[in-house]
Amino acid sequence: MNILLIGSGGREHALGWALRKSPRLGALYCAPGNGGIADIARCVDLDTADHGALIRFCAKKGIDLVVIGPEVPLVAGLADDLEAAGIKAFGPSAAAARLEGSKSFTKALCAANAIPTAASRVFANGEEARAYIAYKGAPIVLKADGLAAGKGVIVAMTDDEALAGIDRLTGGGFGAAADEIVIEEYLQGEEASFFALVDGETVLPLATAQDHKRVGDGDTGPNTGGMGACSPAPVMSEDLCRRTMDEIINPTVRAMAAAGTPFRGVLYAGLMITDAGPQLIEYNVRFGDPECQVLMMRLKSDLLGLLAAVAEGNLGRARAEWRDECALTIVMAANGYPGCYETGTPIRGLEEAGRPAFIEIFHAGTRREGRRLLAQGGRVLNVTALGSTVAEAQARARVAVERVDWPGGFSRRDIGWRAIERERKSGT
Ligand code: AMP
Ligand code: GLY
Numbered sequence: 002m003n004i005l006l007i008g009s010g011g012r013e014h015a016l017g018w019a020l021r022k023s024p025r026l027g028a029l030y031c032a033p034g035n036g037g038i039a040d041i042a043r044c045v046d047l048d049t050a051d052h053g054a055l056i057r058f059c060a061k062k063g064i065d066l067v068v069i070g071p072e073v074p075l076v077a078g079l080a081d082d083l084e085a086a087g088i089k090a091f092g093p094s095a096a097a098a099r100l101e102g103s104k105s106f107t108k109a110l111c112a113a114n115a116i117p118t119a120a121s122r123v124f125a126n127g128e129e130a131r132a133y134i135a136y137k138g139a140p141i142v143l144k145a146d147g148l149a150a151g152k153g154v155i156v157a158m159t160d161d162e163a164l165a166g167i168d169r170l171t172g173g174g175f176g177a178a179a180d181e182i183v184i185e186e187y188l189q190g191e192e193a194s195f196f197a198l199v200d201g202e203t204v205l206p207l208a209t210a211q212d213h214k215r216v217g218d219g220d221t222g223p224n225t226g227g228m229g230a231c232s233p234a235p236v237m238s239e240d241l242c243r244r245t246m247d248e249i250i251n252p253t254v255r256a257m258a259a260a261g262t263p264f265r266g267v268l269y270a271g272l273m274i275t276d277a278g279p280q281l282i283e284y285n286v287r288f289g290d291p292e293c294q295v296l297m298m299r300l301k302s303d304l305l306g307l308l309a310a311v312a313e314g315n316l317g318r319a320r321a322e323w324r325d326e327c328a329l330t331i332v333m334a335a336n337g338y339p340g341c342y343e344t345g346t347p348i349r350g351l352e353e354a355g356r357p358a359f360i361e362i363f364h365a366g367t368r369r370e371g372r373r374l375l376a377q378g379g380r381v382l383n384v385t386a387l388g389s390t391v392a393e394a395q396a397r398a399r400v401a402v403e404r405v406d407w408p409g410g411f412s413r414r415d416i417g418w419r420a421i422e423r424e425r426k427s428g429t
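Counting from 2, one number per residue, gives the positions in the sequence shown under my numbering.
Listed below in structure tokens is the structure:
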């Protein structure tokens, strides 16, 4: 099968790396790709917002399946336009991508199907939102309804922070994404992510992961796209996985199908594990970045077969097998990220750092210039390791990070700390 992968991050590098192992793979293209993806796929300089150009490319190259990595093209209806042109796509329709593209849509779906989530109200007006905050009081959580590249959520611990948050959301910086604001109850617990493939009807649970969104050690500082992740998430016991399937994923998939907008793709549930059980924080309609990198390290089954089964609607006979080992990825980001950062700084030493069989270095934001590799973006590298425990995977990844010669970047030193703490307590 000839595949076109859409995206340019570490997630897409990991997907391409896993697709490469498939005996069924013909040609692998990536639009637009990056400096690392160029080693495993033919990168094509296409504007992924130009669906017509993508369709023409697919026809010319005989593409059998388009694998859509990020949320923006999904919400923009790329899967619909490809399907209409007779090209198979992995990823949901725009109607089904509302599970990520509109928080108020998902909140309404949860309410109608008794799916556990934080109690919430939706406001189209700043004044009413302020009055509601005064009535409810902090801690409280504010969210822009639409896509905001992970920056549209404000967890306010005081009333003043909440009111300042309303000013930020209504200040114009979020555009139409903040036309509606969801205000919800603050949930307490440990966060974990749960991934499942869905072909419209059949659900195949994949695995669990935990990421770290704050930039600094100890989960401090501003939010980022994610500074690292590990899989599995030890907090997700078999019982909690079963409850997540029964109480959250299955009712969602049934409701989407019943509404005539079946979900096809990977459903990523961000969960808060509270005393009352798993609660849905949010849905994403794609693989997480960097969670995908740790999932791909652990996946033993043929990724291409799984993604094709989703696109063809016959997931019923598919199985996903996983390595027993844990995987952990450390994001190396450009100094200054998530604020202003420099691009174009040179990176060396990747071959040496990536030599052990248990290490894989995925590129999140790099480009080649002649023989040099340069940083291009905020999150630049994902140094990923396997280990018999999360602690061992972390130690191995940290050794590899030390071997990367990149003065222009930094990373967290404590990725996986919650999982490692649980391992210690349970004596693993
Ligand atoms: P989201 O983009 O919806 O995943 O939110 C970003 C982060 O905000 C989450 O990973 C949580 O850490 C936090 N968050 C979101 N909603 C809540 C909530 N209701 N209670 C506590 N924390 C939350
Ligand atoms: N790592 C969080 C996300 O992909 O949304």
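The beta carbon of each residue, even a glycine, is placed where N, CA and C say it ideally should be.
Everything numeric in this text was worked out from a predicted model, so none of it was measured.
In the three-state reduction of the DSSP assignment, C59 falls in the helix class, which pools H, G and I. For P252, the secondary structure class from DSSP, reduced to helix, strand or coil, is helix. Closest option to T209, judged by alpha-carbon separation, among S302, G70, P235, V216: P235.
The straight-line gap separating the alpha-carbon atoms of A365 and I250 is approximately 29 angstroms.
By the Cβ test, the stretch 142–158 is not in contact with the stretch 87–99, since fewer than three Cβ pairs between them sit closer than 8 angstroms. Out of E162, L272, P252, the CA that lies nearest to the CA of Q189 is found in L272.
Using a Cβ-Cβ distance cut-off of 8 angstroms, the stretch 239–255 and the stretch 356–371 are not in contact, since fewer than three pairs of beta carbons, one from each stretch, lie closer than that value. By the Cβ neighbour-count rule, T221 is exposed, with fewer than 16 other Cβ atoms within 10 Å of its own. The beta carbon of G271 sits closer than 6 angstroms to at least one heavy atom of the ligand AMP.
E393 and E424 have their C-alpha atoms spaced approximately 11 angstroms apart. Sixteen is the threshold: since fewer than 16 other Cβ atoms of the shown chains lie within 10 Å of the Cβ of C341, the residue is exposed.
Annotation for C111: the continuous alpha helix (DSSP H) segment containing it runs 104–113. According to DSSP, H364 shares a beta bridge with L382. From the listed residues R57, K61, T49, the smallest Cα separation to A77 is found for T49.
Spanning the alpha carbons of K144 and W418 requires a straight line of approximately 27 angstroms.
Counting only runs of 3 or more residues that sit fully inside the stretch 215–287, the beta strand (DSSP E) segments are 215–217, 221–224, 229–232, 265–275, 278–285, in chain order.
For C327, there is no enclosing alpha helix (DSSP H); the residue is part of the beta strand (DSSP E) that begins and ends at 327–335.
Of the residues assessed, R299 falls on the buried side of the cut-off, its CB having 16 or more other CB atoms within 10 angstroms.
The shortest CA-to-CA distance from N224 to any of N285, G151, R25, A32 is the one to G151. Bounds of the alpha helix (DSSP H) holding G17 are 11–20.
Between the alpha carbons of V391 and N126 lies a gap of roughly 45 angstroms. Rounded to whole angstroms, the separation of the alpha carbons of L382 and A396 is 17 angstroms. F196 is the residue among E343, F196, T275, D212 whose C-alpha sits nearest the C-alpha of N285.
Looking at the DSSP output, E393 bridges to nothing.
Here the stretch 60–76 lies against the stretch 13–32, with 3 or more beta-carbon pairs under 8 angstroms apart.
Taking the Cα positions, L308 is about 45 angstroms away from G138. Put simply, the residues with a CB less than 5 angstroms from any heavy atom of the ligand GLY are D212, G227, G289, D290, in chain order.
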